[in-house]
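Peer 1: Protein chains in written order, with our numbering: chain A, 18 to 134; chain B, 649 to 759.
Heads up, the beta-carbon is just placed ideally off N, CA and C, and yes, glycines get one too.
Mind looking over this structure? Questions follow.
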Amino acid sequence: GESVGLHLPTLSVQEGDNSIINCAYSNSASDYFIWYKQESGKGPQFIIDIRSNMDKRQGQRVTVLLNKTVKHLSLQIAATQPGDSAVYFCAERPQPDSGGSNYKLTFGKGTLLTVNP
Amino acid sequence: EAGVTQSPTHLIKTRGQQATLRCSPISGHTSVYWYQQALGLGLQFLLWYDEGEERNRGNFPPRFSGRQFPNYSSELNVNALELEDSALYLCASSLQGDEQFFGPGTRLTVL
Chain A
18 GESVGLHLPT LSVQEGDNSI INCAYSNSAS DYFIWYKQES GKGPQFIIDI RSNMDKRQGQ
78 RVTVLLNKTV KHLSLQIAAT QPGDSAVYFC AERPQPDSGG SNYKLTFGKG TLLTVNP
Chain B
649 EAGVTQSPTH LIKTRGQQAT LRCSPISGHT SVYWYQQALG LGLQFLLWYD EGEERNRGNF
709 PPRFSGRQFP NYSSELNVNA LELEDSALYL CASSLQGDEQ FFGPGTRLTV L
């Protein structure tokens, strides 16, 4: 079936370095992608999103890149800080049908980012 | 502005019992989503409610059910609990198909 997956289950970086977290998706009908950050004991927190008509979107210290040709999504975090340590999930959503019944998100398993001081 | 709230924070039940989890969405949001996050796994979509109606359902047995009230708050009910139902249950709310905001979750433990 359709799925969203992550290339790396864990990523360890030094404070101040840039981090790149990758995600592959298989549903070519997906038109909306989101990155969430989940700290221990908390619910997922929205980081940044991108629609399929874009290939890049920037936020504060974060950039999401979308390559529809190879169905690949990445999250870049600049100058990674200890507070960035968390599990990062990518999620995708297919284009809603006329009844709007496709608003559910499909999540990948997550990548654990550890930032070493 | 208050975020999504869930209660209880923790819930301990035994096999065969029933569990009720509650969620209050962000004010103005009409959609509520329920997800199950088992240990070491990603989030699995359970249910989506919008304007009081069930709009979509994930691949879970019928003993997982819920409802949305006129004030848009929601309940998730799990009947005949099994050990593998132990998980973090997350609720999210949105304004229809827009960005989903998550609550802190309810940790359900089935003994």
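How would you write the range of the beta strand (DSSP E) that V30 (chain A) sits in, first residue to last?
Peer 2: In the first sequence, the residue the question calls residue 30 (chain A) occupies position 13. Here the beta strand (DSSP E) through V30 (chain A) covers T27 to Q31.
Peer 1: I'd like to check one pair, S672 (chain B) with S721 (chain B): are the Cβ atoms closer than 7 angstroms?
Peer 2: Within the second sequence, the letter at position 73 stands for residue 721 (chain B). Within the second sequence, the letter at position 24 stands for residue 672 (chain B). Their beta carbons are under 7 angstroms apart, which means S721 (chain B) touches S672 (chain B) by this criterion.
Peer 1: Check whether the Cβ of G751 (chain B) lies closer than 7 angstroms to any Cβ atom in chain A.
Peer 2: Numbered from its first residue, the second sequence carries residue 751 (chain B) at position 103. Interface residue, yes.
Peer 1: How long is the line joining the alpha carbons of K73 (chain A) and L90 (chain A), rounded to whole angstroms?
Peer 2: In the first sequence, residue 73 (chain A) corresponds to position 56, counting from 1. In the first sequence, residue 90 (chain A) corresponds to position 73, counting from 1. Answer to the nearest angstrom: the Cα atoms are 10 angstroms apart.
Peer 1: In whole angstroms, give me the CA-to-CA distance for S713 (chain B) and E701 (chain B).
Peer 2: Here residue 713 (chain B) refers to the residue found at position 65 when the second sequence is read from its first residue. Here residue 701 (chain B) refers to the residue found at position 53 when the second sequence is read from its first residue. Their backbone Cα atoms lie some 12 angstroms apart in a straight line.
Peer 1: On the premise that L92 (chain A) lies in contact with F693 (chain B), defined as a C-beta separation below 8 angstroms, what is that separation, rounded to the nearest angstrom?
Peer 2: Here the question's residue 693 (chain B) lines up with position 45 in the second sequence. Here the question's residue 92 (chain A) lines up with position 75 in the first sequence. With 8 angstroms as the limit, F693 (chain B) and L92 (chain A) do not qualify as a contact, their Cβ atoms being about 21 angstroms apart.
Peer 1: So, V652 (chain B) versus G751 (chain B), is the Cβ gap smaller than 7 angstroms?
Peer 2: Residue numbering aside, residue 652 (chain B) sits at position 4 when the second sequence is read from its first letter. Residue numbering aside, residue 751 (chain B) sits at position 103 when the second sequence is read from its first letter. Result yes, Cβ atoms of V652 (chain B) and G751 (chain B) sit closer than 7 angstroms.
Peer 1: To which residues of the same chain is L83 (chain A) closer than 6 angstroms at the C-beta, ignoring the five residues directly before and after it?
Peer 2: As a first step, residue 83 (chain A) is located in the first sequence; it is residue number 66 there, counting from the start. Closer than 6 angstroms at Cβ, skipping near neighbours: I67, D72 and L90.
Peer 1: Measuring alpha carbon to alpha carbon, tell me which of B:L724, B:G690 and B:G676 ends up nearest R705 (chain B).
Peer 2: As a working mapping, residue 705 (chain B) is identified with position 57 in the second sequence. Of the listed residues, the one whose Cα sits closest to R705 (chain B) is B:L724.
Peer 1: Compare the Cα-Cα distances from I674 (chain B) to each of B:V758, B:T757, B:L756 and B:C739 and report the closest residue.
Peer 2: Counted from its first residue, the second sequence places residue 674 (chain B) at position 26. That would be B:C739, whose Cα lies nearest to the Cα of I674 (chain B).
Peer 1: May I ask you to list the residues that DSSP assigns as paired with E702 (chain B)?
Peer 2: On the second sequence, position 54 is the one that residue 702 (chain B) refers to. Paired residues: B:Y697.
Peer 1: Tell me whether L23 (chain A) sits in a helix, a strand or coil according to DSSP, three-state version.
Peer 2: The residue you call residue 23 (chain A) lines up with position 6 of the first sequence. Low confidence applies to L23 (chain A): its pLDDT is 44, below 50, so where it sits in the model is not reliable, and the reading given next is rough at best. Strand.
Peer 1: With DSSP run on the structure shown, which of helix, strand or coil describes E109 (chain A)?
Peer 2: Position 92 of the first sequence, counting from 1, holds the residue named residue 109 (chain A). If DSSP states are grouped into helix, strand and coil, E109 (chain A) belongs with the strands.
Peer 1: Scan the segment 41-68 of chain A for residues whose Cβ lies nearer than 9 angstroms to a Cβ of chain B and list them as they occur along the chain.
Peer 2: Residues passing the 9 angstroms Cβ filter: Y49, I51, Y53, Q55, G58, K59, G60, P61, Q62, F63 and D66.
Peer 1: Whole angstroms are fine: how far does the CA of K126 (chain A) sit from the CA of E699 (chain B)?
Peer 2: Indexing the second sequence from 1 puts residue 699 (chain B) at position 51. Indexing the first sequence from 1 puts residue 126 (chain A) at position 109. Spanning the two alpha carbons is a distance of roughly 30 angstroms.
Peer 1: Could you name the residues of chain B that K121 (chain A) contacts, counting a contact when the two beta carbons are closer than 8 angstroms?
Peer 2: As a position in the first sequence, residue 121 (chain A) is number 104, starting the count at 1. In chain order: Y681, F693, W696, N704 and G706.
Peer 1: Specify, as a first and last residue, the run of the beta strand (DSSP E) that N39 (chain A) falls within.
Peer 2: Within the first sequence, residue 39 (chain A) is the residue found at index 22, counting from 1. Residues S36 to Y42.
Peer 1: Output the distance between the C-alpha atoms of I94 (chain A) and P709 (chain B), rounded to the nearest integer angstrom.
Peer 2: Reading the first sequence from its first residue, position 77 is the one you call residue 94 (chain A). Reading the second sequence from its first residue, position 61 is the one you call residue 709 (chain B). When rounded, the distance between both Cα atoms is 39 angstroms.
Peer 1: Compare the C-beta of G76 (chain A) with all C-beta atoms of chain B and state if any pair is closer than 7 angstroms.
Peer 2: Within the first sequence, the letter at position 59 stands for residue 76 (chain A). So, not an interface residue.
Peer 1: Measure the C-alpha to C-alpha separation of Q85 (chain A) and S734 (chain B) and round it to an integer number of angstroms.
Peer 2: Walking along the first sequence from the start, residue 85 (chain A) turns up at place 68. Walking along the second sequence from the start, residue 734 (chain B) turns up at place 86. For the record, residue 85 (chain A) in the displayed sequence is Lys; it is not Gln. Their backbone Cα atoms lie some 37 angstroms apart in a straight line.
Peer 1: Pick helix, strand or coil for L83 (chain A), following the three-state DSSP scheme.
Peer 2: Sequence index remark: in the first sequence, residue 83 (chain A) carries index 66 (1-based). Three-state result, L83 (chain A): strand.
Peer 1: Can you tell me which residues form a DSSP beta bridge with E723 (chain B)?
Peer 2: Numbered from 1 along the second sequence, position 75 holds the residue referred to as residue 723 (chain B). E723 (chain B) pairs with B:R670 and B:R715.
Peer 1: Using beta-carbon positions only, say whether T97 (chain A) and D48 (chain A) come within less than 7 angstroms of one another.
Peer 2: The residue you call residue 97 (chain A) lines up with position 80 of the first sequence. The residue you call residue 48 (chain A) lines up with position 31 of the first sequence. It is not a contact, given that the beta carbons lie outside the stated cut-off.
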